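So the protein sequences, as listed, match chains A and B.
Those letters in the first sequence? Residues 1 to 316, by the numbering used here.
Those letters in the second sequence? Residues 1 to 465, by the numbering used here.
Note that beta-carbon positions come from the ideal geometry of N, C-alpha and C, so glycine has one too.
As the structure is a computational prediction, the values presented were derived from the model and not from experiment.
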Amino acid sequence: MIKKIITYVTACICILFVYRSFLYFGIRKNKQGIFSKYNDVFLKEGNTYDVLFLGSSRAEMHFEPQIFDSITKLNSYNLGISGASVKLNFIVLKTYCHHHQKPKHIILNLDYFSLKSDSDTLNDFPRYFPYLNNDYLRAELNTVDDRFTSFYYNPFHSLPYTQIDFLSASLHGWLNISGKYDTLMYKGFQTIPSNDEGQISKVKPIYSFISKKNRNYIDSIISFSKNNQINLTLLTTPIYGRGYNHVLNKSVLVNQLNHIAFINHISYFNYTDSLIFNDPKLYFDEEHLNLKGAKKFSNHFSVSFNNILNESASKN
Amino acid sequence: MLFNSFIFLVFLPIVFSAYWLIPAKHRNLFLLIASYYFYFSYNPWFLLLLIGTSAVDFYIAKGISKTEKLNTRKQLLLFSILSNISVLFVFKYFVFFYNSGLSLFANNPNLLSNFIIPAGLSFYTFQSISYTIDVYRGKYKPDDTLKDFLLYVSFFPHMVAGPIVRHHTLMPQLKTTHFFKDIEWGNASKQIIWGFFKKMVIADNVAYLVNPVFNELPHDFNSLEFLISGVLFLIQLYADFSGYSDIAIGVAKLFKINLNLNWNRPLLSTSITEYWQRHHISLTSWFKEYVYISIGGNRVSTPKWIFNILVVFLLSGLWHGAYFTFIIWGFLNGLFYLLEHLPLKIKLPKFLKWIYTICFISIFFIAFRANNLHDLAFIYKQIFININVSQGLNHLLSSNDRLFFVMIVFIICILFIKELQEEFKLIKSSHFKESVLTPLFYVIIFCLIFCIGNFNANSFIYFQF
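Shown next, in the form of structure tokens:
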């Protein structure tokens, strides 16, 4: 009986280790789709992008690098990650700078309606599992969630979180084929086609504030940028209903972000007041622009950013 | 507490270890407390309802057996049935009848929203009713203790979603002293692993394809795509519910309790009649014994028999919930059950009969799954009136990743291969099969649960009933 149990347990452990390797190798082979972005950042070494866009899905879906590059003549990459907190943005930035050439500019999208949250929870954390052999990343992620060491070593702990969509992503890598929206991804920019109908539904507006933790993380990113001679730009991308549907005290928060920018001598762009981005046809849902909206916004922002670059060049 | 939740993984080993460590005379009491804790974790208040209804039935059964007067016995039985049905009515049917009545007579009715249904209500009330009816019929003498009876109703593996266990199956086992060395480890673990595989790998993954279809009702889907969605739902429901039964039966085996078979590979049926002999057997046999036979069964005139069959199927539909969609589901099944009994001599190859059964049962189960009558009418219109299959499965396939479909098909194939093996013994029993193939199969199945199982602790479909 004991012999049988040992045999079965050993067989299970072997199968799970082999499967895990198969799964992660496949994912790391992805050249398109969401994992290709993580592969670019967490696996590769020595990228030389001039500009990095940081933020949540509202950065990921709003900054179109192709348009930005053509207007500014810079080489940009969209490092927005859906559900990313300010803390995660800082981790991603540090990890990127550890493995790649430091960028000249960072454009950080700050959604003032989500700065209230004090939680450091990592949204969709299994997506980092294939990259836990990156010691720097693992150590950084461990500062948020100390289970990452266990996830790295113990497949019984990590595999229950990965589920069937991971296998699908892995097979895409092994077979070198694209998923549904994979081909729409370009230099980290992920979008939804304009003809895909989203839903603009009403959300209950709240009173918000910038939590102490988030304020510290913002300050940390600012210090990190200064120490590494990176130009930081803060920004809040467009939102349907100009943000009033989300936050009742929006003007207070905008003033606070303006203040942070002012005392640190950096720029802050607030696009939520812009009436030209209040057209529902530009949105997939109330918080995310569709492809048409993203192109319009990227064009608009790139011109403004380019003007600042030109102004500072002429001053120098 | 769901079987597929982390807390159950803690609960089960504790209860199992304690059960076998304490003296045999206290085991039933311990199991009763554990079962009540299991139920308490769903909703503490509904535990009082469970204790109340089962205690009432216990004392009514005692009363029935004590008196010889037929009238008193009948009144007591009626009281038992009415008290159980009243509880069912209040929680499950009141809102339906109230809203339906109000909609008929008022222009802008203030409709009630549904009450929270106590978990397993339909299962344990049916079990209690069957007990008092059997005592009334003189099948059993109610010489059980209150503790044993309460455990019979609330034994945690089967309480929430069946199988509906009859007194003569469970009670003798509860009264027997069992020994740890007699546990059938192999059978119990195989059944539990297979149950979890069905629920977490098959049902919960197929749900990714099925739920958007029935919740969003894509208007560009053609007949074939809705039919395939129906087939997928049939598979999801079967894997979900039979998965629960498998886990329940396997867990009960750890306590040396054998629960009755609830599913006998219904997806391999070659007629609707056969399907109903293999699907949710404990409920079907309950309806057969306590409704169908009580109203005359088949020993009546043909029109009365037709009426009896339709009554049983309609009640079976209504048992699932107070919605017109369930009633339509019951009616369609009853109608086709009757049609199959017409003296027609149509000889079809077995494979075609299987295709016919799966297609029609799936079409009926679309009524079971549809969110409301409007949705059901739309889907049936797309299938039967706006027939268009020129686009094939294009929309269904493009609604998700194509590779995802391939994986789902692969998973479903595992289900069918195992069931075909059990049905037709494709690989004959041998030492190699028993010592290598079978253990290897279960090791792989166990690993697949970890690799592609859904660990989100999704509720079982039949919990809502």
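Check	Outcome
To the nearest whole angstrom, what separates the beta carbons of S211 (chain A) and S117 (chain A), a pair I think is in contact under 8 Å?	7 Å
With a threshold of 8 Å, are at least 3 pairs of Cβ atoms found where one atom belongs to the stretch 16-34 of chain B and the other to the stretch 149-159 of chain B?	yes
Bridge partners for Y283 (chain A) per DSSP, in chain order?	A:L289
Quick check: the Cα distance between T272 (chain A) and Y49 (chain A), rounded to an integer number of angstroms?	28 Å
Looking only at C-alpha atoms, which of A:Y128, A:K187, A:S158 sits nearest to Y19 (chain A)?	A:S158
What alpha helix (DSSP H) runs, 4 residues minimum, are completely inside the stretch 279-353 of chain B?	281-287, 302-320, 324-339
Quick one: measure Cβ to Cβ for I449 (chain B) and V206 (chain B), integer angstroms, because I've assumed they're closer than 8 Å.	The pair is not a contact, with the Cβ atoms about 15 Å apart (cut-off 8 Å).
Below 8 Å, how does it come out for the stretch 226-246 of chain B and the stretch 356-375 of chain B: are there three or more Cβ pairs, yes or no?	yes
When we look at the beta-carbon of P13 (chain B) and count the other beta-carbons within 10 Å, is it buried (16 or more) or exposed?	exposed
At the level of alpha carbons, what is the spacing between G52 (chain B) and F3 (chain B)?	25 Å
Hey, does C359 (chain B) have any beta-carbon neighbour from chain A nearer than 8 Å?	no
Roughly how many angstroms separate the alpha carbons of N298 (chain B) and G195 (chain B), rounded to a whole number?	36 Å
Using the C-alpha atoms, what's the distance from W185 (chain B) back to K256 (chain B)?	10 Å
Residues of chain A with a CB under 8 Å from the CB of G453 (chain B): which are they?	P160, Q163
When we look at the beta-carbon of A370 (chain B) and count the other beta-carbons within 10 Å, is it buried (16 or more) or exposed?	buried
At the level of alpha carbons, what is the spacing between I230 (chain A) and V51 (chain A)?	9 Å
Mapping DSSP to helix, strand and coil, what is N264 (chain B)?	coil
Would E225 (chain B) and L393 (chain B) be called neighbours here (beta carbons separated by less than 8 Å)?	yes
With a CB to CB cut of under 6 Å and the five nearest residues on each side skipped, what residues in its chain are close to F35 (chain A)?	I27, A169
Grouping DSSP H, G and I as helix and E and B as strand, with all else coil, what is N187 (chain B)?	helix
Name the two residues that bound the continuous alpha helix (DSSP H) containing Y39 (chain B).	24-40
Looking at N260 (chain B) and S282 (chain B), is the spacing between their C-beta atoms short of 8 Å?	yes
What residues in its chain sit with their C-beta under 8 Å from that of V95 (chain B), if we drop five residues either side in the sequence?	L112, S113, N114, F115, A322
Counting pairs of beta carbons, one from the stretch 290-299 of chain A and one from the stretch 52-70 of chain A, are three or more of them closer than 8 Å?	yes
Just to confirm my understanding: we take F46 (chain B), look at its own chain, exclude 5 residues before and 5 after, and list those with CB closer than 6 Å. What are they?	P118
Would you decide whether D135 (chain A) is buried or exposed? Buried here means 16 or more other CB atoms lie within 10 Å of its CB.	exposed
Is the stretch 212-229 of chain A close to the stretch 80-93 of chain A, with three or more CB pairs under 8 Å?	yes
Who pairs with H105 (chain A) in a beta bridge, going by DSSP?	A:V51, A:N231
Going along the chain, which residues of its own chain have a beta-carbon closer than 8 Å to the beta-carbon of L426 (chain B), five neighbours each way excluded?	L420
So the candidates are A:G33, A:Q32, A:T72, A:C12; which of them puts its Cα closest to the Cα of A313 (chain A)?	A:T72
Scan the stretch 217-251 of chain B for residues whose Cβ lies nearer than 7 Å to a Cβ of chain A and list them as they occur along the chain.	none
Can you name, in chain order, every residue of its own chain whose Cβ lies under 7 Å from the Cβ of I387 (chain B), other than the five neighbours on each side?	S223
Taking beta-carbon pairs under 7 Å, can you tell me which members of the stretch 36-53 of chain A lie near chain B?	none
Going by Cα to Cα distance, which pick from A:S56, A:L175, A:L309, A:H98 is closest to A139 (chain A)?	A:H98
For Y268 (chain A), which residues in the same chain have their Cβ closer than 6 Å to its Cβ, ignoring the five residues on either side in sequence?	L234, L257, N258, A261
May I ask whether a heavy atom of the ligand ZN can be found less than 7 Å away from the beta carbon of K345 (chain B)?	Inclusion of the ligand ZN in the displayed structure is not the case, the ligand content being empty and no account of it being possible.
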